[in-house]
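These notes are about the structure you will find just below.
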Amino acid sequence: MADTLVVIPAYNEEASIAETLEELLKHNVGADILVVNDGSGDRTGEAAAGFPVHLVQHPVNLGYGAALQTGYKFALQNGFRYVVQFDADGQHSPDDLRSLIAEMRMDDADIVIGSRFLGNRAFNPGKRKRLAIRVFRTLIYMFTRVTVTDPTSGLRGMNARLFGLYSERGRFPSDFPDADIIIHMLLHRFRLREFPIGSKERAAGTSMHSGLKPIIYMFKVILSIVAVLVNYGLDARRKTNA
Amino acid sequence: MRDPVLLNGFVLTVGLLFSGYVVSLLVRKKINEKNTLVWLGSAIIILILSVNPEILDTMARWTGVAYPPTLLFLLSLLVLLLLSLYQSIQISALHDKIKELSQYIALRDAENQTDLEERSRHSKGA
Chain A
109 MADTLVVIPA YNEEASIAET LEELLKHNVG ADILVVNDGS GDRTGEAAAG FPVHLVQHPV
169 NLGYGAALQT GYKFALQNGF RYVVQFDADG QHSPDDLRSL IAEMRMDDAD IVIGSRFLGN
229 RAFNPGKRKR LAIRVFRTLI YMFTRVTVTD PTSGLRGMNA RLFGLYSERG RFPSDFPDAD
289 IIIHMLLHRF RLREFPIGSK ERAAGTSMHS GLKPIIYMFK VILSIVAVLV NYGLDARRKT
349 NA
Chain B
4 MRDPVLLNGF VLTVGLLFSG YVVSLLVRKK INEKNTLVWL GSAIIILILS VNPEILDTMA
64 RWTGVAYPPT LLFLLSLLVL LLLSLYQSIQ ISALHDKIKE LSQYIALRDA ENQTDLEERS
124 RHSKGA
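Okay, structure coming up:
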């Protein structure tokens with residue numbers, strides 16, 4: 109068994125999951141692969157079952173964050189040292205995944221994020237999404253004095269210290285963990301590092317960031333950030349009182 | 004003023020029907036005791052107010068509300084607000100429990116599946 113687990117949360121991805129897995133296995137990234145089928149209504153589970161990968165199937169749809177957390181729990185139970193997350197829709201390249209795993213194994217950071225902006229100066233995710241990314245970047249810098257160029261990147265790796273913490277109940281949001289989680293990590297003195305990746309266009313399916321959604325999404329994350337900050341403040345006060 | 008007895012009778016009937024329904028739900032185990040308490044509490048308040056409308060007038064005088072029935076609306080709105088907030092809290096807690104349960108089941112299932120596969124591989128090898 110490898111020391112690294114690639115977690116692929118998949119919800120209704122029957123069109124692209126097989127291709128993504130084929131590609132990954134062909135490139136031999138040197139890690140175990142876990143597909144978390146998040147209660148898909150289509151044949152995502154069946155499509156993944158034919159491959160030599162681990163498969164965990166939620167009986168009902170729980171959300172992207174919950175699927176990731178299931179991956180953390182699986183990694184914890186099976187003694188993996190690193191978890192890297194990878195999207196099922198084929199938006200990341202296996203080469204980027206391989207470099208992410210190599211970066212993780214350097215052991216100089218608790219979380220490593222693949223940044224599309226560092227890899228490609230001209231990378232343009234679209235007007236609304238760019239606005240959201242800018243807001244998140246500013247907020248993260250404001251509260252932690254750390255610059256994270258690509259806080260919404262889906263290509264991330266964590267070590268056991270971090271995914272062990274987030275596999276605990278009530279520690280991880282079940283919808284979309286985002287800038288709020290990054291701020292949480294940085295406030296609790298986990299080490300974060302980014303490295304450049306290239307970004308391909310989506311192979312199939314629709315992006316979760318379209319229409320008015322990015323704006324609503326942004327407010328949701330800002331609210332989560334407020335919760336993280338208040339919690340952190342309360343924790344600090346409790347510690348000084350004790 | 005028009006016939007207040009008719010109005011009071013109406014409110015009383017509503018209050019009685021409501022409490023009867025809540026109790027019947029409890030008996031048929033459609034809601035648990037904790038929730039019944041909240042609903043019965045509001046039914047009792049309705050009953051008390053319908054029997055003694057003067058209470059409302061007195062309270063309105065204390066709080067400086069010129070038209071007593073608006074105080075009734077304000078109070079019922081606040082109670083409903085609290086109730087729905089309480090239910091939101093319960094839903095979130097249930098949501099969290101369902102998530103934990105589903106993850107647990109999914110991970111157990113995957114574990115059993117691997118065990119089965121390994122056992123069949125061993126028995127084939129033997």
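Residue numbers (the working numbering), protein chains in the order written: chain A, 109 to 350; chain B, 4 to 129.
Beta carbons are placed, not taken as given, at the ideal position from N, Cα and C, and that holds for glycine.
The structure presented is a predicted model; accordingly, all values stated were derived computationally and were not measured.
Between Asp99 (chain B) and the set A:Ser282, A:Leu208 and A:His135, the nearest pair of CA atoms involves A:Ser282. In the three-state DSSP reduction, Glu127 (chain A) falls in the helix class (H, G or I).
By the beta-carbon neighbour count (other beta carbons within 10 angstroms, threshold 16), Thr117 (chain B) is exposed. Straight-line measurement puts the Cα of Glu121 (chain A) at about 16 angstroms from the Cα of Leu132 (chain A). Within the same chain, Cβ atoms closer than 8 angstroms to the Cβ of Ser22 (chain B) are found at Leu43, Ala46, Ile47 and Leu50, the five residues on either side in sequence being excluded.
DSSP lists A:Val115 and A:Arg264 as the beta-bridge partner residues of Gln193 (chain A).
Non-local beta-carbon contacts of Met293 (chain A) in its own chain, meaning distances under 8 angstroms to residues more than five positions away in sequence, involve Asp218, Ile219, Leu270 and Leu300 in chain order. Beta-carbon to beta-carbon, Ile290 (chain A) and Val256 (chain A) are separated by about 6 angstroms, close enough to satisfy the 8 angstroms threshold.
Beyond the five residues adjoining it in sequence on each side, Thr128 (chain A) comes within less than 6 angstroms, by CB distance, of Ala196 and Gly198 in the same chain, given in chain order. Here Asp203 (chain A) is exposed: its Cβ has fewer than 16 other Cβ atoms, across all protein chains shown, within 10 Å.
Note that the C-beta distance between Phe194 (chain A) and Leu205 (chain A) is below 7 angstroms.
Cβ-Cβ distances below 8 angstroms link Glu36 (chain B) to Leu29 in the same chain, with the five nearest sequence neighbours on each side left out; the list follows chain order.
Ranked by Cα distance from Leu331 (chain A), the options A:Asn136, A:Asp146 and A:Phe284 are led by A:Phe284. Contact check for Tyr190 (chain A) against Gly265 (chain A) passes: the beta carbons are separated by less than 7 angstroms.
Judged by DSSP in its simplified three-state form, Asp343 (chain A) adopts helix. Assigned with DSSP and collapsed to three states, His162 (chain A) falls in strand. Where Gly278 (chain A) is concerned, there is no enclosing beta strand (DSSP E), because DSSP gives it neither an H nor an E.
With fewer than three CB-CB distances shorter than 8 angstroms, the stretch 160-171 of chain A does not count as touching the stretch 233-251 of chain A. Look at Pro304 (chain A) here: in three-state DSSP terms it is strand.
For Val68 (chain B), the three-state secondary structure derived from DSSP is coil.
Closer than 7 angstroms to the CB of Ile47 (chain B) there is not a single CB belonging to chain A. Taking C-beta atoms under 8 angstroms as the contact rule, Gln106 (chain B) and Ala174 (chain A) qualify, at a distance of about 7 angstroms. When CB distances to chain B are screened at a threshold of 8 angstroms, the residues of the stretch 270-294 of chain A falling below it are Arg277, Gly278 and Ser282, in chain order. The bridge partners DSSP lists for Val143 (chain A) are A:Ile116 and A:Leu163. Taking all protein chains in view, the Cβ of Leu247 (chain A) is crowded by 16 or more other Cβ atoms within 10 Å, so the residue is classified as buried.
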